[in-house]
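A short worksheet on the structure shown next.
This is how it looks when you write it as structure tokens:
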């Protein structure tokens with residue numbers, strides 16, 4: 373594993389993205405931010421893990437901490453299956 377100084381910190385990236393989104397919204401009413409963030413993150417997360425595991429769904433489910441059926445349901449939701 374890389375030195376901690378070389379590994380991007382995920383929570384910092386999320387914080388920057390959410391802060392930027394809220395700043396861009398200015399005076400707009402923001403609602404359901406939690407669901408928005410989850411829906412924006414989930415598909416790319418699945419894509420990255422599938423690429424990492426060379427499309428091995430069982431291994432991807434293990435990496436994600438999901439059962440394989442749940443992973444397949446999410447893949448269908450995003451048109452990835």
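In the working numbering, the protein residues as written are 373 to 453.
We treat Cβ as the ideally placed atom computed from N, Cα and C, and that holds for glycine.
- For residue 386, the closest C-alpha among the options 448, 450, 414 and 400 is that of 414.
- Looking at 443, 390 and 452, the one whose alpha-carbon comes closest to that of residue 407 is 390.
- For the pair residue 403 and residue 445, the Cα-to-Cα distance works out to about 26 Å.
- Residue 439 sits close to residue 433, with the two beta carbons spaced by under 8 Å.
- Going by C-alpha positions, residue 443 is about 13 Å away from residue 425.
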